[in-house]
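Remarks on the structure that follows.
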Amino acid sequence: MCATQKKNPKIDEKMRVAVSSSSPLSLPFSSSTIAQTHHRKYSASVPPTAAVPLQLAQQQPCTTSDDANHIEQNSPPKPKTIRFRLSQLCREGQLHLARQVFDAIPQPTTVLWNTLIIGYVCNNMPHEAISLYSRMFRTINSADDRESDAYTYSSVLKACAEMKQLSIGKAVHCHILRSNEYPSRIVYNSLLNMYATCLSSSECDLMKRVFWTMRKRNVVSWNTMISWYAKTGRFTEAFRHLVMMMKWGFGPTVVSFVNVFPAISGLEDIEIANMVYGMVIKLGGEYVNDLFVVSSAITMYADLGCLEFARKIFDNCLEKNAHVWNTMIGGYIQNNYPIVALELFNQALEEHDCSNIDDVTFLSALTAASELQQLDVGQQLHSYLIKSSLVSSVILLNAVVAFYSRCNSIGDSFKVFSGMQERDVVSWNTIICALVQNGLDDEGLMLVYEMQKLGFAIDGVTITALLSAASNLRNHKVGKETHAYLIRHGIQFNGMESYLIDMYAKSGLIQDAERIFNGNCKGNNDLAVWNAMISGTTQNELVEQSLIIFQQMLMENIMPNAVTLASILPACSQLGSIAMGKLLHGFAIRNSLMKMSL
């Protein structure tokens, strides 16, 4: 595998490319340990975990009755022949046969270990790759030619990244630090990638230490850092690293721009966006027409609300694929232009190119039709799905059910749901919410029970529908059962407290609503919780209490909205207090709440 191992045969070229092209990775130790990476030997203190092999169950050799068909029975085959056979079996996806061949070898060389480890990684079997590396680590004697090399480490680190096994990745890092040679750039990039995949956003220092410890960085190293900063919300750092990369003489690649565009969206700076995209234009057609760059640039400008720029990039793209079309259509929907989104969808259909549309395209079109509540458009889309044999897609049918519900055509929603050959939790939640939103609360509750009978687990969306149905029916029994289910199963979701308060208040159990409201620290209550409590007390004719809660809300610096205004004004009416009503009216005008409520 390494260039220094002249006697060992080279690994199959395809497998080598699969490993060398993997993204980089990172490091988590004290500064003293990391400082040792500047020396060729690491005889100083190493983290205690370095002395302990990976705690993985030893994988037993694979033995079947077909061994004789795959292992030479005469004299032991030459290593090159074995390596070729292993590589071939891995490419064919027959890893169990490759393992039989490997287990029959008395003393596998590093090349053979690497071939099988890489085979596991390339066939999406990261756990087996890590297990084999653990066995290799325990059995190999570093004095012979079977020690781990750069390809061993980069492959197993890629497996750790895929499984998000940070602790194992750190142990492999310790093994690297204890080796007698300075880690190669391939290994360092693999470390960066592993840590970027596994580390939380709070462990920024560790990523920086690994990156700046590298003696020779390449554009892959820089791209990994830019991507990680953008992914963890450090948008300024992501852009700053792009600038630093160019100052250090590294030209940006397609991946560099794809990674930095989301960070520029987060910065909300159109000038930076224009400057960076100007660099893309200067680099020529290879960059301008790259479909990943095109899609990312359209998304960036759509996020910034600059649809004219986004559309210009879209129109100038020579060969568009479905992802480019979807990105532009989604940009229009995101910026509340559903009509233009549907026009662009029609244009995609008129191209008569199947590569222009996919499931996401239809989902976007259905979303636009739902926002417009144009039943005829949605029906045409539904018909097209049936004619295109896409009607079997569960995701698309769920969207069709939601569309008909949004257009108050609950009969069509239920008809589509009943005709689905396969359903998932989203399917059940969609039809249950559709029934509840259209006033069919009892039917919604019945479907929840049916859903459970068929083995589908209730989640936060189902609970929301249950609480809404209980509120509408003033059925505190169902509401209490749902609340108890929440507690038993530890379910938490956004807005849970407001749904519970609303349910108890509408059921006339205002004291239970108050317990939930006061159970949260009032400083932690969001606007929806305050609105639910104000509305609940008003509905239960506790008008003075509603005004007190409204006053407390203002003291907590929670800005009311139109819902708050609609909840508190009936309290003034019940009190017969014109003066209080005028005060609230003036407050609404000063804070532009009147426009929001219209």
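Under UniProt numbering, the first residue of the sequence shown is numbered 1, with each subsequent residue one higher. From the three backbone atoms N, C-alpha and C, an ideal C-beta is built for every residue, glycine too.
Taking all protein chains shown into account, decide if residue i is buried (16 or more other Cβ within 10 angstroms of its Cβ) or exposed.
i, result
"Ile589", "exposed"
"Ala457", "exposed"
"Asp412", "buried"
"Lys320", "buried"
"Ile417", "Residue identity check: residue 417 is Phe in the sequence provided, not Ile. The residue in question, Phe417, is buried, as its Cβ has 16 or more Cβ neighbours within 10 Å."
"Asp315", "exposed"
"residue 600", "With the chain represented from 1 up to 598, any question about residue 600 goes unanswered, as that position is not in the structure."
"Asp205", "exposed"
"Met553", "buried"
"Trp212", "exposed"
"Met559", "exposed"
"Gly586", "exposed"
"Asp376", "exposed"
"Asn336", "exposed"
"Gly378", "buried"
"Lys170", "buried"
"Lys247", "exposed"
"Ile281", "exposed"
"Asn557", "exposed"
"Met300", "buried"
"His39", "Only weak support exists for where His39 lies, its pLDDT of 36 falling under 50; the value from the coordinates is given anyway. Counting Cβ neighbours within 10 Å, His39 comes out exposed, since fewer than 16 surround it."
Out of the options, state which residue places its alpha-carbon closest to the alpha-carbon of residue i.
i, options, result
"Asp441", "Ala470, Val416, Phe414, Tyr504", "Ala470"
"Gln100", "Ile82, Met214, Ile568", "Ile82"
"Leu445", "Ser427, Tyr133, Leu467, Gly455", "Leu467"
"Ala150", "Ser167, Trp212, His175, Lys170", "His175"
"Lys216", "Lys231, Cys198, Met194, Met245", "Met245"
"Ile298", "Thr327, Val563, Glu271, Asn472", "Thr327"
"Trp113", "Gly93, Thr152, Asn124", "Thr152"
"Leu583", "Thr538, His323, Phe550, Thr361", "Phe550"
"Leu542", "Ser393, Glu514, Leu527", "Glu514"
"Asp358", "Leu344, Glu556, Glu481, Ala322", "Ala322"
"Ala484", "Asn518, Ile463, Gly495", "Ile463"
"Ser295", "Ile313, Gly285, Leu304", "Ile313"
"Ala528", "Gly495, Glu556, Leu547", "Gly495"
"Ser498", "Ile510, Leu486, Ile516", "Ile516"
"Asn123", "Glu181, Ile264, Ala159", "Ala159"
"Gln452", "Ser131, Val425, Val340", "Val425"
Could you tell me the alpha carbon to alpha carbon distance between residue i and residue j, rounded to whole angstroms?
i, j, result
"Glu544", "Arg423", "49 Å"
"Thr224", "Leu242", "11 Å"
"Val220", "Met207", "14 Å"
"Tyr332", "Leu307", "8 Å"
"Arg91", "Ala161", "22 Å"
"Leu199", "Leu385", "42 Å"
"Gln58", "Thr139", "Low per-residue confidence applies at Gln58: pLDDT is 38, beneath 50, and the placement is therefore not dependable, though the value from the model is reported in the following sentence. Cα-Cα distance, rounded: 11 Å."
"Glu147", "Leu166", "23 Å"
"Ile501", "Ser427", "27 Å"
"Leu191", "Ile226", "15 Å"
"Tyr404", "Ala369", "10 Å"
"Ile578", "Gln492", "42 Å"
"Thr49", "Ser179", "Note on Thr49: pLDDT 36, under 50, position unreliable in the model; no value is reported."
"Leu565", "Cys433", "27 Å"
"Asn530", "Asn259", "What sits at residue 530 in the sequence shown is Trp, not Asn. Going from the Cα of Trp530 to the Cα of Asn259 covers about 40 Å."
"Glu450", "Phe414", "14 Å"
"Glu481", "His489", "12 Å"
"Pro106", "Asn429", "57 Å"
"Arg311", "Asn193", "34 Å"
"Asn518", "Val448", "30 Å"
"Arg135", "Pro262", "41 Å"
"Tyr95", "Val156", "The question names Tyr, but residue 95 in the sequence shown is Leu. For Leu95 and Val156, the distance between alpha carbons rounds to 17 Å."
"Ser389", "Leu397", "12 Å"
Residues in its own chain within less than 7 Å of residue i by CB, not counting five upstream and five downstream?
i, result
"Leu318", "Asn289"
"Ala399", "Leu363, Leu366"
"Gln373", "Arg406, Cys407"
"Gly460", "Ile491, Phe493"
"Ser201", "Thr232, Gly233"
"Arg85", "Val101"
"Ser546", "Ile534, Thr537, Thr538, Ile568, Ala571"
"Val172", "Tyr153, Val156, Leu157, Cys160"
"Ile117", "Ala129, Leu132, Tyr133, Thr152, Ser155, Val156"
By Cβ distance, which residues of its chain are closer than 6 Å to residue i, with the 5 residues on each side in sequence left out?
i, result
"Cys572", "Met580, Gly581"
Using a Cβ-Cβ cutoff of less than 8 Å, which residues in the same chain neighbour residue i once the five nearest sequence positions on both sides are dropped?
i, result
"Ser507", "Ala470, Ser471, Arg474, Asn475, His476, Gly479"
"Asp512", "Tyr504"
"Thr361", "Ala322, Trp325, Asn326, Ile329, Phe345, Ala348"
"Gln539", "Ala505, Lys506"
I'd like to know if residue i contacts chain D, where contact means its C-beta is closer than 8 Å to some C-beta of that chain.
i, result
"Ile395", "Among the chains of the structure shown, chain D does not appear; only one protein chain is present."
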